[in-house]
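> Numbering (the working numbering), first residue to last: 326 to 535. All residues carry an ideal CB built from backbone N, CA and C; glycine is no exception. None of the values given here were measured: they were computed from a predicted structure.
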């Protein structure tokens, strides 16, 4: 299993890459499976069950902050992506239950968080995500076609907290957490850069799936 750090790319460009890769896998090329890691410019995505009023910021404020609002095929409600957040997009055949698949990735993210001085994060099925001290550290949402997944996880490394005030995250209104703020609460320095966290996550997941 190969993984690739794509840097900062638009959500639309990431979806084009994911869909193209999925088509190859669906055509029988299992060697095309890949784990894509990236960061997005400021973007609010609307999942398949999104309620539009969970975007609480007016259009003028979103435009002033350069935030694009886009519908997406993943499951779930409204969420925010942007600088400081690691996107984890596995374009792979899901050969077990979706819950087990998500839990496996969550376990890797929890291990990486622990390596970075933030232990205790854990997978929770309802509401789905990686949680730390009652706050969501990583959100998830997939789209499957014939058991091949696109979309995936968003791990908050150092998202500016004010960006979360633009929406009701995942429609829940529960707190969100970043590795950066969790480290600060533990008397540690700033979290590593997103690409450094991506390297840890990519290497760990790729080794599991190879």
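According to DSSP, residue 412 sits in a beta bridge with which residue or residues?
Residue 412 pairs with 363, 479.
> Among 384, 373, 410, 377, which has the Cα closest to the Cα of residue 397?
Per the Cα distances, 373.
> Starting from residue 348, follow the alpha helix (DSSP H) in both directions and report where the run begins and ends.
Here the alpha helix (DSSP H) through residue 348 covers 336-351.
> Would you tell me roughly how many angstroms separate the C-alpha atoms of residue 418 and residue 535, rounded to the nearest one?
C-alpha separation (whole angstroms): 13 Å.
> Have a look at 335, 337, 353, 339 and flag the residue whose alpha-carbon is nearest the alpha-carbon of residue 473.
Closest option to residue 473, Cα to Cα, is 353.
> By the 10 Å Cβ neighbour count, where 16 or more other Cβ atoms means buried, how is residue 415 classified, buried or exposed?
That one is buried.
> Does residue 338 pass the burial test, meaning 16 or more other C-beta atoms within 10 Å, or should it be called exposed?
Exposed, because fewer than 16 other Cβ atoms sit within 10 Å of the Cβ of residue 338.
> With burial defined as no fewer than 16 other Cβ atoms inside 10 Å of the residue's Cβ, what is the status of residue 427: buried or exposed?
So residue 427 ends up on the buried side.
> Is the beta carbon of residue 493 less than 8 Å from the beta carbon of residue 409?
Contact flag unset, no.
> Is residue 455 helix, strand or coil by DSSP?
Strand, per DSSP.
> What residues in its chain sit with their C-beta under 8 Å from that of residue 528, if we drop five residues either side in the sequence?
Same-chain partners within the cutoff: 328.
> Is it buried or exposed for residue 521, if we count other Cβ within 10 angstroms and need 16 for buried?
Label assigned to residue 521: exposed.
> Give me the Cβ distance between residue 412 and residue 479, rounded to the nearest whole Å; I'm assuming they're in contact under 8 Å.
Right, their Cβ atoms sit about 6 Å apart.
> Please classify residue 355 as buried or exposed, where buried requires at least 16 other C-beta atoms within 10 Å of its C-beta.
That one is exposed.
> For the segment 384-397 against the segment 440-453, do three or more pairs of beta-carbon atoms, one drawn from each stretch, fall closer than 8 Å, so that the two count as touching?
Taking 8 Å as the limit for Cβ pairs, the verdict is that the segment 440-453 does not touch the segment 384-397.
> Measuring straight from C-alpha to C-alpha, what distance separates residue 346 and residue 331?
For residue 346 and residue 331, the distance between alpha carbons rounds to 14 Å.
> Beta carbon of residue 523, beta carbon of residue 505: below 8 Å?
Taking 8 Å as the Cβ cut-off, residue 523 and residue 505 do not qualify as a contacting pair.
> According to DSSP, is residue 463 helix, strand or coil?
Here residue 463 sits in strand by DSSP.
> Kindly list the residues whose CB is nearer than 8 Å to the CB of residue 404, restricted to its own chain and excluding five residues on each side of it in sequence; keep chain order.
So the qualifying residues of the chain are 369, 370, 372, 464, 466, 479, 492, 494, 495.
> Using the Cα positions of residue 351 and residue 510, report the straight-line distance between them to the nearest angstrom.
Using only the alpha carbons, I get a separation of about 45 Å.
> Do you know whose CA, among 343, 341, 348, 363, lies nearest residue 334's CA?
Of the candidates 343, 341, 348, 363, the one whose C-alpha sits nearest the C-alpha of residue 334 is 363.
> Considering only C-alpha positions, which residue in the set 497, 433, 395 is nearest to residue 532?
The shortest Cα separation from residue 532 among 497, 433, 395 belongs to 433.
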